[in-house]
Amino acid sequence: MTNTKHTTNVAKPQGEKLQKILARGGFGSRREVEKLIAEGLVKVNGKVATLGDRAFTTDTIKVRDQQVRETRLATQPTQVILYNKPEGQVCSRKDEKGRETIFEHLPRIINSRWVSVGRLDINTSGLLVLTNNGELANRMMHPSYEMEREYSVRVFGEVSDDIIKQLKKGVKLEDGWAKFERVDKIPQQEDDSINQWYRVIIKEGRNREVRRIWEAQGVQVSRLVRTRYGIFDLPRTLRRGKTEALTWKQINQLLKSVGLPEEARPDIRTRPTNANKSVSGGKSPYKGKRK
1 MTNTKHTTNV AKPQGEKLQK ILARGGFGSR REVEKLIAEG LVKVNGKVAT LGDRAFTTDT
61 IKVRDQQVRE TRLATQPTQV ILYNKPEGQV CSRKDEKGRE TIFEHLPRII NSRWVSVGRL
121 DINTSGLLVL TNNGELANRM MHPSYEMERE YSVRVFGEVS DDIIKQLKKG VKLEDGWAKF
181 ERVDKIPQQE DDSINQWYRV IIKEGRNREV RRIWEAQGVQ VSRLVRTRYG IFDLPRTLRR
241 GKTEALTWKQ INQLLKSVGL PEEARPDIRT RPTNANKSVS GGKSPYKGKR K
């Protein structure tokens, strides 16, 4: 008797994951987009979307009852800018208290919008990385990619060696354990100062995490400045409240570093309209090898 093998044809999924389409359109990181879908704020062809839904860019997609243009959902050239955030600004698009937001100071972007790679609280200044590529933002923030965040921290009073050891070993916060990868004291010219400066490195970005780690050891943080995120340093020439755009080569090196495909050179018209031309002036923010 001859055995006959039956092949079952499995239909391939149609379209793309909805959260991927919206993240690409600049509606936030993948996590932020998934929250929009879970809250019932996204509709596809008149139906409320659910997590796991797939769609086409040609479908009628609405976010918060506003129809999204197809041109926005199409694949856009990846853009990345660095922003030197001053104290007093929030990282929300709109603030219920009417406070100044970082998005008021960013260059206009065509058919997309900026997504912040992580946030800084209102009293923290320094480097923010922003992109129109939601998937890139998601990977840069995801713990599995272990992107280092470096800060300069000013604390009040003396800090003992035992406290420094504990900061590197780990402290228990209300949302789990946290630690610094490195803690280095920054030499000061004035020996009689009651404030001390430290350089710390951490590999995650929970809400106010750097401040809370110090506070868990009874140390008061009086100033906090982010000086590096992953491969990007805060450029010395970048003034507060200003942005600098990365070059096409630098963007491709970043995409490659997080496992995303490199892109062809974009049309010059897709560049941010009022950002600095490049980051070539002064110290380069890109720490990788240049091609």
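Under UniProt numbering, the residue at position 128 of the sequence shown is numbered 128, and the numbers go up by one with no gaps. For glycine and all other residues, C-beta sits at the position ideal for the given N, C-alpha and C.
For residue i, which three-state DSSP category applies?
i	result
Leu224	strand
Glu70	helix
Gly126	strand
Val153	strand
Ser144	helix
Val117	coil
Gly15	coil
Gln196	strand
Arg54	strand
Leu254	helix
Leu36	helix
Thr134	Here the sequence assigns Gly to residue 134, which means Thr is not the residue at that position. Reduced to three states, the DSSP call for Gly134 is helix.
Phe180	coil
Glu204	coil
Glu262	coil
Val159	coil
Phe232	strand
Phe215	Rather than Phe, the amino acid found at residue 215 in this sequence is Glu. Residue state, collapsed to three classes: helix.
Ala49	coil
Ile102	helix
Ile61	strand
Rounded to whole angstroms, how far is the Cβ of residue i from the Cβ of residue j, which I believe are closer than 8 Å?
i	j	result
Val44	Val63	Actually they are not in contact, since the Cβ atoms of Val44 and Val63 sit about 10 Å apart, beyond 8 Å.
Val159	Val221	11 Å between Cβ atoms; not a contact.
Trp177	Gln188	Incorrect: roughly 31 Å between the Cβ atoms, too far for contact.
Pro77	Pro261	Pro77 to Pro261, Cβ: 13 Å. No contact.
Ser152	Val210	With a Cβ gap of about 10 Å, Ser152 and Val210 do not count as contacting.
Ile37	Ala49	5 Å
Glu150	Thr227	5 Å
Arg113	Asn133	Wrong, their Cβ atoms sit about 11 Å apart, outside the cutoff.
Looking only at C-alpha atoms, which of the options sits nearest to residue i?
i	options	result
Asp59	Pro187, Glu16, Gly28, Ser29	Glu16
Glu148	Leu127, Asp162, Ile164, Thr131	Leu127
Glu135	Gly46, Phe27, Ala264	Phe27
Gly218	Ile163, Glu244, Ala245, Leu51	Ile163
Gly46	Gly52, Asp65, Glu34, Val33	Asp65
Gly25	Ile109, Thr101, Ala38, Ala49	Ile109
Leu130	Val153, Cys91, Val171, Asn111	Cys91
residue 298	Thr227, Arg223, Ile186, Lys179	Any question about residue 298 goes unanswered here, given that the chain covers just 1 to 291.
Asn123	Arg208, Ala245, Ile213	Arg208
Lys168	Ile201, Ser193, Glu146, Gly157	Ile201
Ala55	Glu104, Leu36, Ile21	Ile21
Trp214	Glu104, Lys249, Lys172	Lys172
Arg223	Arg206, Arg199, Ala38, Gly170	Arg199
Ser193	Gly157, Ile102, Asp175, Asp161	Gly157
Glu174	Asn252, Lys165, Ala216	Ala216
Gln14	Glu39, Asp53, Arg236, Glu146	Asp53
Pro107	Gly170, Trp248, Gln250, Glu244	Glu244
How would you label residue i, buried or exposed, when you count the other beta carbons within 10 angstroms and need 16 or more for buried?
i	result
Arg30	buried
Ala264	exposed
Arg182	exposed
Thr75	exposed
Gln89	buried
Gln79	buried
Asn138	buried
Ser125	buried
Leu18	buried
Val33	buried
Leu51	exposed
Ile186	exposed
Asn195	exposed
Is the region 57 to 73 close to the region 225 to 234, with three or more CB pairs under 8 Å?
-> no
Would you check if there are 3 or more beta carbon pairs closer than 8 Å linking the region 82 to 98 to the region 133 to 143?
-> Judged by Cβ distances under 8 Å, the region 82 to 98 makes no contact with the region 133 to 143, as fewer than three pairs qualify.
Do the region 80 to 95 and the region 232 to 249 meet, that is, are 3 or more Cβ pairs less than 8 Å apart?
-> yes
Please determine if the region 113 to 120 and the region 248 to 256 are in contact, where contact requires at least 3 C-beta pairs separated by less than 8 Å.
-> Here the region 113 to 120 does not lie against the region 248 to 256, with fewer than 3 beta-carbon pairs under 8 Å apart.
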